[in-house]
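Numbering-wise, the sequence shown is residues 285 to 861 according to this note's numbering.
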Amino acid sequence: MAEDKSYNEIRNTAEDWEFDDRNKLPYSGKSVQTFIKKGIDKADVSYEERIGDSYFDSSTYTIYLFKTTEDKEAWLGGDTSIQAKRVVLNFTGTQRQMKVINGMESLNLYFTTTGETAEITFGFLSQEKEITATEWSDVPEDALISVSIDKGGVGEFVEIISNQLLLSGKTITVDVKKYLATGSNRVRVTAVGAQSGAEGKLQYQVNLTSMYLSPSNFAWNTPFIEGKEYNLGGMNIGGAIDKKLFVKVTNEGGYYKLYEKNLGTSTYITNAYFFKELEFPSAGTGVYNVELWLDASGLESEHLSYNIICVAAADETTARLVCISNIAEKAINYADNILFQYAVYNGGAAKGTPHIKITAVVNTNPLVLKDEDLVDVDTNTKLSYNFHLEVETDENDLQLTSLLSFGNEQARNFVIDNSASYPSTSGAVFYMNAANRSNTQSNKKNIVNEVTKGTVACDWTNMSFDGLDGWTVDEENRKCLTLQAGSTASIHYQPLASVGSGKTIEFNYKVSNVADYKEPIISICDDPSNDRFRGIRILPKKVVLHSRDKNTADYVQSYDLMDEQYVNLLITIVRNY
Numbered sequence: 285m286a287e288d289k290s291y292n293e294i295r296n297t298a299e300d301w302e303f304d305d306r307n308k309l310p311y312s313g314k315s316v317q318t319f320i321k322k323g324i325d326k327a328d329v330s331y332e333e334r335i336g337d338s339y340f341d342s343s344t345y346t347i348y349l350f351k352t353t354e355d356k357e358a359w360l361g362g363d364t365s366i367q368a369k370r371v372v373l374n375f376t377g378t379q380r381q382m383k384v385i386n387g388m389e390s391l392n393l394y395f396t397t398t399g400e401t402a403e404i405t406f407g408f409l410s411q412e413k414e415i416t417a418t419e420w421s422d423v424p425e426d427a428l429i430s431v432s433i434d435k436g437g438v439g440e441f442v443e444i445i446s447n448q449l450l451l452s453g454k455t456i457t458v459d460v461k462k463y464l465a466t467g468s469n470r471v472r473v474t475a476v477g478a479q480s481g482a483e484g485k486l487q488y489q490v491n492l493t494s495m496y497l498s499p500s501n502f503a504w505n506t507p508f509i510e511g512k513e514y515n516l517g518g519m520n521i522g523g524a525i526d527k528k529l530f531v532k533v534t535n536e537g538g539y540y541k542l543y544e545k546n547l548g549t550s551t552y553i554t555n556a557y558f559f560k561e562l563e564f565p566s567a568g569t570g571v572y573n574v575e576l577w578l579d580a581s582g583l584e585s586e587h588l589s590y591n592i593i594c595v596a597a598a599d600e601t602t603a604r605l606v607c608i609s610n611i612a613e614k615a616i617n618y619a620d621n622i623l624f625q626y627a628v629y630n631g632g633a634a635k636g637t638p639h640i641k642i643t644a645v646v647n648t649n650p651l652v653l654k655d656e657d658l659v660d661v662d663t664n665t666k667l668s669y670n671f672h673l674e675v676e677t678d679e680n681d682l683q684l685t686s687l688l689s690f691g692n693e694q695a696r697n698f699v700i701d702n703s704a705s706y707p708s709t710s711g712a713v714f715y716m717n718a719a720n721r722s723n724t725q726s727n728k729k730n731i732v733n734e735v736t737k738g739t740v741a742c743d744w745t746n747m748s749f750d751g752l753d754g755w756t757v758d759e760e761n762r763k764c765l766t767l768q769a770g771s772t773a774s775i776h777y778q779p780l781a782s783v784g785s786g787k788t789i790e791f792n793y794k795v796s797n798v799a800d801y802k803e804p805i806i807s808i809c810d811d812p813s814n815d816r817f818r819g820i821r822i823l824p825k826k827v828v829l830h831s832r833d834k835n836t837a838d839y840v841q842s843y844d845l846m847d848e849q850y851v852n853l854l855i856t857i858v859r860n861y
């Protein structure tokens, strides 16, 4: 038998051997080529030195080479007189692979046009194995993530994320809503190993549908009286896909009832859909929660949730109940908050007197803000409870508890958003709080110093005080002083006229829709128009402070900020620092 020669030996002695591309051997779908000595003219190689056929033994990674196909068949048949040249494939080294791991329930996803987001979550897994091994093992490796979208499924992918680093073991959630067309779309995710370069891909079929559920004259405030006809109210339903309406009724005592209604592809946009199959709860008089949603093969619409009052026939003239719905997600400090809507039932009477108690909890310390009766409240009517919240604290662990009672109790806890609220620092000599002002006040054009309750004159330019500017609210319902572009307010107060041993000045503000980033929005200085000013000048993305020295070096004496977000700026001036 001819001398054994391993694959690596042949491969690593390139000075002696070269490929003989006349004889290609099939192996794992690829061509494995045989070799002849260098310097030999292939055309002159004798028959005895040529290979006519081969056999691969996968159990031993060995290739047997034969002069003819007839020799191979005879050898396989057990003819020991046939000699075969044996090449042992001595593979060494490792293989790497990258997998994109789906973090969703399937690769066929549905999102609604009414939803604010269309989020896809995925991760990755880097693996390796010895070439001859069968099992892969996980390897810690970061990856570069790319996401491409075929909008409308037309066959043209556009990259929206390119080579974004994702750390090993982490997942990422990408909102693709704004890149989708209504109907069918494709989203392709690619992960490339940051060290290995191994690449993995995953593709989602993403469907954007107009399925939605919204209330239309939804009468949650109307009591459900046992034995009387009751209509849960109208609902607008969109989405011409096969869907079901689910209605779930529960109470705190453990009552549970689930209704399922097949709506098919029908839509109710101009004419509302009315669910008339609600049964009077077997648990009797009380407040029940009604939750409604649409489902289309796992795709759910937004859930609507309301509380309703149910009154047993025997209690119709005696029951006293109150329920709340449309509850706020949070309460904002120094702002007017509609905490909830509510409805009252008073034995068939037209008026009722529920009691409200509101408590703020700062860390663990309770502070009662309101404890009173709401007199002459209309029954069977949707009413909004508006509360102006003002808790003087710089703590972040804040909660608000409301307790509305009238025969029963309806309690809710709210997290207090104190992110844009900064009370007067102890010892302050001047404090302006826009939360206490409104455009309807007779002294609206004066600035009120909350420390002394005195007023400070102010010159206004291009101000109408019509609700769009002046003492109004921002997009998050926080009370503020709003100055539109082109408007100015010059307050007759000079905090830098005398510094003394030191002084602290604090601002809380937000700049939006900037047209000129070089234009100051707040100035406390001797001459704002002079480049060599002394004092404080706040620009949309920068605050500049100048004393009598270096008052031309904006970049040396400045600090960068961000526009389009609330900024609480604290400036401390230290004399002879």
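C-beta atoms are modelled at their ideal positions from N, C-alpha and C, and glycine is treated no differently. All figures in this text were calculated on a predicted structure; none of them were measured in a lab.
Contact under 7 Å by Cβ, residue i with residue j
{"i": "L658", "j": "P638", "result": "yes"}
{"i": "E606", "j": "T569", "result": "At residue 606 the sequence reads Val, which differs from the Glu that was named. Their beta carbons are not under 7 Å apart, which means V606 does not touch T569 by this criterion."}
{"i": "V798", "j": "P779", "result": "no"}
{"i": "S480", "j": "R370", "result": "no"}
{"i": "I789", "j": "C742", "result": "no"}
{"i": "F624", "j": "Y669", "result": "yes"}
{"i": "L578", "j": "V531", "result": "no"}
{"i": "T401", "j": "K461", "result": "yes"}
{"i": "G770", "j": "N792", "result": "no"}
{"i": "T398", "j": "G387", "result": "no"}
{"i": "F283", "j": "A475", "result": "There is simply no residue 283 to check, as the chain begins at 285 and stops at 861 in what is shown."}
{"i": "I642", "j": "L651", "result": "no"}
{"i": "E389", "j": "T457", "result": "no"}
Buried versus exposed call for residue i [16 or more other C-beta atoms within 10 Å across all chains shown]
{"i": "V628", "result": "buried"}
{"i": "E760", "result": "exposed"}
{"i": "S703", "result": "exposed"}
{"i": "D434", "result": "buried"}
{"i": "N501", "result": "exposed"}
{"i": "L673", "result": "buried"}
{"i": "E884", "result": "Because the chain in this structure spans residues 285 to 861, residue 884 falls outside the shown range and cannot be described."}
{"i": "T396", "result": "buried"}
{"i": "H830", "result": "buried"}
{"i": "T602", "result": "exposed"}
{"i": "P565", "result": "buried"}
{"i": "A718", "result": "buried"}
{"i": "D300", "result": "Bear in mind that the predicted position of D300 carries a pLDDT of just 43, short of 50, making it too unreliable to give a figure here."}
{"i": "P507", "result": "buried"}
{"i": "E333", "result": "For E333, the predicted structure reports a pLDDT of 48, less than 50, and the residue's modelled location is therefore unreliable. The matter cannot be settled from this model."}
{"i": "K321", "result": "Model confidence at K321 stands at a pLDDT of 41, short of 50, so the residue's coordinates are unreliable and nothing is read from them."}
{"i": "L752", "result": "exposed"}
{"i": "Q768", "result": "exposed"}
{"i": "V858", "result": "exposed"}
{"i": "D844", "result": "exposed"}
{"i": "Q849", "result": "exposed"}
{"i": "Q411", "result": "buried"}
{"i": "T551", "result": "buried"}
{"i": "A609", "result": "With the sequence shown as reference, residue 609 is identified as Ser, and Ala is not the correct amino acid for it. By the 10 Å Cβ count, S609 comes out buried."}
{"i": "S446", "result": "exposed"}
{"i": "L497", "result": "buried"}
{"i": "D325", "result": "Low confidence applies to D325: its pLDDT is 45, below 50, so where it sits in the model is not reliable, and the reading given next is rough at best. The residue in question, D325, is exposed, as its Cβ has fewer than 16 Cβ neighbours within 10 Å."}
{"i": "A644", "result": "buried"}
DSSP bridge partner residues for residue i (one or two, in chain order)
{"i": "D657", "result": "H639"}
{"i": "H672", "result": "D620"}
{"i": "Y427", "result": "For the record, residue 427 in the displayed sequence is Ala; it is not Tyr. Answer is L450 and G477."}
{"i": "M519", "result": "P499 and Y557"}
{"i": "F340", "result": "I347"}
{"i": "V531", "result": "Y543 and L576"}
{"i": "G467", "result": "L492"}
{"i": "Y590", "result": "V574"}
{"i": "E536", "result": "Bridge partners of E536: none, in fact."}
{"i": "N649", "result": "V646"}
Cβ separation of residue i and residue j, assumed to be a contact under 8 Å, to the nearest whole Å
{"i": "V473", "j": "K485", "result": "7 Å"}
{"i": "I525", "j": "A580", "result": "5 Å"}
{"i": "G523", "j": "N469", "result": "Rounded, the Cβ-Cβ distance is 17 Å, inconsistent with contact."}
{"i": "M382", "j": "G477", "result": "5 Å"}
{"i": "G517", "j": "R604", "result": "About 24 Å; that fails the 8 Å criterion."}
{"i": "Y590", "j": "V574", "result": "5 Å"}
{"i": "A615", "j": "L684", "result": "5 Å"}
Minimum Cβ-Cβ distance from residue i to chain D less than 7 Å
{"i": "M716", "result": "Any reference to chain D falls outside this structure, which holds one protein chain only."}
*At what residue ranges does the segment 688-769 contain a whole run of the beta strand (DSSP E), taking only runs of 3 or more?*
Qualifying beta strand (DSSP E) stretches, in chain order: 692-701, 742-745, 754-757 and 763-766.
*Quick one: complete beta strand (DSSP E) runs, 3+ long, within the segment 787-845?*
Counting whole runs of 3 or more residues, the segment 787-845 contains the beta strand (DSSP E) stretches 806-809, 819-823, 826-830 and 842-844.
*Which whole runs of the beta strand (DSSP E) in the segment 369-407 are 3 residues long or more, in chain order?*
Every beta strand (DSSP E) stretch that sits fully inside the segment 369-407 and reaches 3 residues is listed by chain position as 369-372, 378-386 and 392-396.
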